[in-house]
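> Counted the way the UniProt record's numbering counts, the sequence shown spans residues 1 to 625.
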Amino acid sequence: MGAYEDVFRASVADREGFWLEAAQALEWETPPTRALDDANPPFYRWFPDGRLNVAHNALDRHVAAGRGDQAALIYDSPVTGTQRTYTYARLTDEVATFAGVLRAEGVGVGDRVVIYMPMVPEAVVAMLACARLGAVHSVVFGGFAANELAVRIEDATPKVVVSASCGIEGKRVIEYKPLLDKAIALSSHKPDSQVILQRPQAEAAMGATDVDWAEAVAKATPADPVPVKSTDPLYVLYTSGTTGKPKGVVRDGGGYATALAWSMPHVYDVGPGQTIFTASDVGWVVGHSYIVYAPLLAGATTVLYEGKPVGTPDAGQFWRVCAEHGVRALFTAPTAFRALKKEDPNGEYATQYDLSGLKYLFLAGERLDPETYRWALDLLDIPVIDHWWQTETGWPIVADPAGIELLPIKPGSPTRPLPGWDIQVLDANGRQVPPDTDGAIVAKLPLPPGAFPTLWNDDERFVSSYMSAFPGYYLTGDGGRIDSDGYVFVMGRTDDVINVAGHRLSTGGMEEVLASHPAVAECAVIGVADQMKGQVPRGFVVLKAGADPDPDELRAELVQMVRDRIGAVASLKDVAVVAALPKTRSGKILRKTMRGIADGLDEPVPSTIENVDVLDDLRSVLRKG
């Protein structure tokens with residue numbers, strides 16, 4: 001494959017040729033003759049004259065090549081004591097049949113389907129069935145509360161919602177159907193029908209527009225793949241916005257499939273017949289890309305795990321899965337390893353399993369702190385590869401490319417940009433900064449295949465949120481630096497979206513909830529450094545004049561409100577009552593300053609502050625907390 005420098009140079013010197021060659025890994029109904037349509041920047045489109053079906057590429061073509069008996073998907077669920085293996089032939093048949101169910105419900109090319117499901121094989125089947133029909137899926141993580149689901153239903157306007165009767169979180173059974181019913185009631189858009197997978201842990205009461213999954217599948221006629229334009233949307237995935245309104249990241253089919261198919265051998269060093277275990281959730285971008293699409297596009301075997309790193313039932317489950325299923329590459333978030341380290345500091349569980357087949361550990365979703373990196377490296381004695389990417393990019397931006405050349409590791413850095421990514425650090429005036437100087441991390445346009453071409457029904461927000469701060473560049477929203485060797489160090493978010501255990505959550509959304517309490521005059525939510533989760537939200541409220549609630553009761557009410565409106569994933573457990581919030585003279589709350597104080601830093605007093613005494617009050621509150 002050539003060394004990293006050679007491959008990277010090739011991607012820069014002949015971008016069109018590089019990606020057209022990469023696209024040949026796929027089977028196209030109409031092969032593209034052009035790589036990039038750059039007529040309307042920043043709205044770039046990849047392989048504009050190509051036509052394909054992504055589900056056909058993920059499934060049918062492997063069966064046609066004689067590999068139908070190979071394992072495609074292994075379902076491993078310690079929370080239910082269930083394991084199931086789907087060959088490529090079986091998974092293809094199940095996807096074709098469920099595509100027939102959706103077609104019978106009126107779903108066709110371009111229609112949206114919201115998928116609100118736990119980590120079960122049927123979630124993967126539903127995603128691929130949408131892709132088979134040329135429909136657009138939008139997966140919503142099962143932990144979200146009804147009003148968050150309602151917002152996504154309202155924005156995506158799905159023809160059908162696919163859900164399950166329940167999910168299992170640790171030892172708790174969470175009924176999904178009441179949440180779905182409430183979400184539909186809250187949404188101004190009403191889907192035509194809801195297909196419900198009944199699980200034995202909690203059966204759902206069915207309504208007039210509900211369709212039983214098993215009954216519908218029993219009478220369905222399988223559907224053939226429908227080729228669509230490369231530039232047609234494959235899915236919409238919502239990510240938190242700082243205003244509280246989620247942003248619907250659009251993913252095209254041809255560019256995404258090309259990038260993912262390229263990434264499997266080059267970044268992850270996983271090929272046909274080899275197994276990757278991505279311990280994430282299909283509701284997040286990591287699950288979309290590296291549980292579902294990339295492994296299947298590459299003809300690999302993917303593990304779908306329903307459980308937690310610890311507690312279901314112990315801290316040895318990742319190692320058991322790796323040993324039992326012959327896993328070559330494990331991909332999870334640093335949070336998971338911090339949980340393992342907390343429960344099993346000496347790594348004793350790992351010694352109970354044969355991990356000789358495990359060649360790589362990949363970590364992403366938040367910054368990998370050097371301490372966790374060293375613990376994992378000492379425990380496993382294999383390459384521990386930090387890599388950085390985002391919902392918007394769809395696949396890694398910066399990574400140590402295991403299938404090209406393993407670069408020397410610098411703890412705290414995911415190494416160097418991958419081919420196709422021109423990463424720079426700019427100052428506030430848009431000038432490139434010298435090496436080892438902090439600034440805003442940006443990517444020069446056009447972004448490579450696989451990155452989002454726009455936001456769902458919101459081109460204006462796509463430009464204002466990502467493309468306008470530095471014309472000609474994508475604003476990643478992360479700050480950091482690049483050293484003299486070209487290594488990228490990502491130090492954290494530059495906006496008010498926080499990263500809790502790999503999940504990006506809007507502090508603005510949480511503030512909206514806190515502000516709705518009748519006793520609260522104003523509030524702020526910041527992300528505070530946490531050894532386990534990377535960041536956790538911490539709330540600060542100023543009470544209205546005359547309001548005198550019991551502080552403990554108020555805290556409990558506010559925490560419960562956030563849980564009800566946003567979901568348990570928000571992890572807001574600490575709300576402090578303060579006399580005032582630190583602000584600039586123009587009235588902007590100094591969240592960065594608050595974060596620094598909360599993290600124990602010797603935070604300088606900003607020159608723009610209006611009420612300097614408030615900082616002393618804040619420090620006092622934080623010390624008590």
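For every residue, glycine included, the Cβ atom is placed at its ideal position computed from N, Cα and C.
Under the assumption that Val-124 contacts Leu-73 (Cβ atoms under 8 Å), give the Cβ distance between them as a whole number of angstroms.
Here residue 124 refers to the residue found at position 124 of the sequence shown. Here residue 73 refers to the residue found at position 73 of the sequence shown. Yes, they are in contact, since the Cβ atoms of Val-124 and Leu-73 sit about 6 Å apart, within 8 Å.
> Out of Val-562, Ser-413 and Pro-449, which one is the CA nearest neighbour of Arg-34?
Taking the sequence shown and counting its residues from 1, one reaches residue 34 at position 34. Looking at the Cα atoms, Pro-449 is the closest of the given residues.
> Do you know whose CA, among Gly-50, Trp-319, Leu-590 and Ala-580, lies nearest Asp-617's CA?
Stepping through the sequence shown from its first residue, residue 617 is reached at position 617. Cα-wise, what sits closest to Asp-617 is Ala-580.
> So Glu-557 is in the alpha helix (DSSP H); what residue range does that whole segment cover?
Residue numbering aside, residue 557 sits at position 557 when the sequence shown is read from its first letter. Per DSSP, Glu-557 belongs to the alpha helix (DSSP H) from 551-565.
> Have a look at residue 658 and Glu-215 and give me their C-alpha separation to the nearest angstrom.
In the structure as shown, the chain starts at 1 and stops at 625, and residue 658 therefore has no counterpart that could be examined.
> Could you check the C-alpha separation between Gly-486 and Arg-416 for me, to the nearest Å?
Walking along the sequence shown from the start, residue 486 turns up at place 486. Walking along the sequence shown from the start, residue 416 turns up at place 416. So the two alpha carbons sit approximately 6 Å from each other.
> Pick from Val-151, Lys-171 and Asp-192: whose alpha carbon is nearest that of Leu-179?
By 1-based counting over the sequence shown, the position of residue 179 is 179. It is Val-151.
> Below 8 Å on the Cβ atoms is my guess for Leu-26 versus Ala-261; work out the distance and round it to an integer in Å.
For the purposes of this step, residue 26 is taken as the residue at position 26 of the sequence shown. For the purposes of this step, residue 261 is taken as the residue at position 261 of the sequence shown. Confirmed, about 6 Å.
> Comparing C-alpha positions only, which one of Met-467, Ala-598, Thr-437 and Gly-479 sits nearest to Pro-446?
Taking the sequence shown and counting its residues from 1, the one referred to as residue 446 is at position 446. Checked all of Met-467, Ala-598, Thr-437 and Gly-479; the closest Cα to Pro-446 is Met-467.
> Buried or exposed, going by whether 16 or more other CB atoms sit within 10 Å of the CB of Met-119?
Position 119 of the sequence shown, counted from the first residue, corresponds to residue 119. Looking at its Cβ environment, which holds 16 or more other Cβ atoms inside 10 Å, Met-119 is buried.
> So, under 8 Å CB-CB, Ala-64 and Ala-99 are touching, yes? Tell me the CB distance rounded to an integer number of Å.
The residue you call residue 64 lines up with position 64 of the sequence shown. The residue you call residue 99 lines up with position 99 of the sequence shown. Contact doesn't hold; Cβ gap of about 17 Å is too wide.
> Please report the distance separating the alpha-carbon of Met-206 from that of Lys-177.
One-based indexing of the sequence shown puts residue 206 at position 206. One-based indexing of the sequence shown puts residue 177 at position 177. Distance between the alpha carbons of Met-206 and Lys-177: 9 Å.
> Are at least three pairs of beta-carbons, each pair with one atom in the region 429-443 and one in the region 472-490, less than 8 Å apart?
Verdict: yes, contact present.
> Mind pulling the alpha helix (DSSP H) runs of 4 or more residues that sit fully within the region 505-541?
Segments of the alpha helix (DSSP H) lying fully in the region 505-541: 507-515.
> Quick test of the definition: if touching needs 3 or more C-beta pairs under 8 Å, does the region 300-307 touch the region 74-89?
Touching, yes.
> Leaving aside the five residues before and after Trp-375 along the sequence, list all residues of the same chain whose C-beta is less than 6 Å from its C-beta, in chain order.
If you number the sequence shown from 1, residue 375 lands on position 375. These residues qualify, in order along the chain: Lys-341.
> When DSSP labels each residue in this structure, what does Ile-385 get in the three-state scheme?
On the sequence shown, position 385 is the one that residue 385 refers to. Here Ile-385 sits in strand by DSSP.
> Under the rule that 16 or more other beta-carbon atoms within 10 Å means buried, what is Ile-420, buried or exposed?
Here residue 420 is taken as the residue at index 420 of the sequence shown, counted from 1. Checking the sequence, you will find Gly at residue 420 rather than Ile. Gly-420 is buried by the Cβ-count criterion.
> To which residues of the same chain is Thr-87 closer than 8 Å at the C-beta, ignoring the five residues directly before and after it?
For this step, residue 87 is matched to residue 87 along the sequence shown. The residues are Gly-68, Asp-69, Gln-70, Ala-71 and Ala-72.
> Quick one: measure Cβ to Cβ for Phe-540 and Val-500, integer angstroms, because I've assumed they're closer than 8 Å.
For this step, residue 540 is matched to residue 540 along the sequence shown. For this step, residue 500 is matched to residue 500 along the sequence shown. Phe-540 to Val-500, Cβ: 17 Å. No contact.
> Nearest to Leu-361 by alpha carbon, out of Pro-334, Glu-343 and Glu-371?
For this step, residue 361 is matched to residue 361 along the sequence shown. Minimum Cα distance to Leu-361 is reached at Pro-334.
> Are at least three pairs of beta-carbons, each pair with one atom in the region 558-575 and one in the region 525-542, less than 8 Å apart?
Enough Cβ pairs lie closer than 8 Å, so yes.
> Would you check if there are 3 or more beta carbon pairs closer than 8 Å linking the region 402-418 to the region 273-283?
They do not touch, by the three-pair rule.
> Please list the terminal residues of the continuous beta strand (DSSP E) segment that includes Lys-245.
The residue labelled residue 245 in the question sits at position 245 within the sequence shown. Taken as a continuous stretch (DSSP letters only), Lys-245 belongs to no beta strand (DSSP E), as it is neither H nor E.
> If you drop the 5 nearest sequence neighbours on each side, which residues of the same chain put their C-beta closer than 6 Å to that of Asp-386?
Here residue 386 refers to the residue found at position 386 when the sequence shown is read from its first residue. So the list reads Leu-363, Leu-368 and Pro-414, once near-sequence residues are dropped.
> Please name the residue in Thr-454, Ile-153, Ser-484 and Leu-418 whose C-alpha comes closest to that of Val-433.
By 1-based counting over the sequence shown, the position of residue 433 is 433. Per the Cα distances, Ser-484.
> Would you check if the distance between the CB atom of Pro-309 and the CB atom of Ala-350 is smaller than 8 Å?
Translated into positions along the sequence shown, residue 309 becomes position 309. Translated into positions along the sequence shown, residue 350 becomes position 350. Against a cut-off of 8 Å, the Cβ pair of Ala-350 and Pro-309 comes out as no contact.
> Given a cut-off of 8 Å on the beta-carbon distance, is the pair Val-54 and Gly-253 in contact?
The residue given as residue 54 occupies position 54 in the sequence shown. The residue given as residue 253 occupies position 253 in the sequence shown. Their beta carbons are under 8 Å apart, which means Val-54 touches Gly-253 by this criterion.
> Per DSSP, which one or two residues make a beta bridge with Trp-46?
Along the sequence shown, one-based indexing puts residue 46 at 46. Answer by DSSP bridge pairing, in chain order: Leu-36.
> So, with DSSP's three-state summary, where would you put Glu-154?
Translated into the one-based positions of the sequence shown, residue 154 becomes position 154. Reduced to three states, the DSSP call for Glu-154 is helix.
> Identify every run of the beta strand (DSSP E) within the region 112-145, keeping only runs that are complete inside it and at least 3 residues long; order them along the chain.
Correct list: 112-116 and 136-139.
> Under 7 Å Cβ to Cβ from Arg-555, same chain only, skipping five residues before and after it: list those, please.
On the sequence shown, position 555 is the one that residue 555 refers to. Val-575.
> Considering only residues of the region 327-370, which uninterrupted alpha helix (DSSP H) runs meet the minimum length of 4 residues and lie entirely inside it, listed in chain order?
List check, alpha helix (DSSP H) in window: 334-343.
> How should Lys-544 be labelled, buried or exposed, when 16 other C-beta atoms within 10 angstroms of its C-beta is the threshold for buried?
Counting from 1 along the sequence shown, the entry for residue 544 is found at position 544. With fewer than 16 other Cβ atoms within 10 Å, it is exposed.
> Put Phe-489 into one of helix, strand or coil per three-state DSSP.
Translated into positions along the sequence shown, residue 489 becomes position 489. Phe-489: strand per DSSP, three-state reduction.
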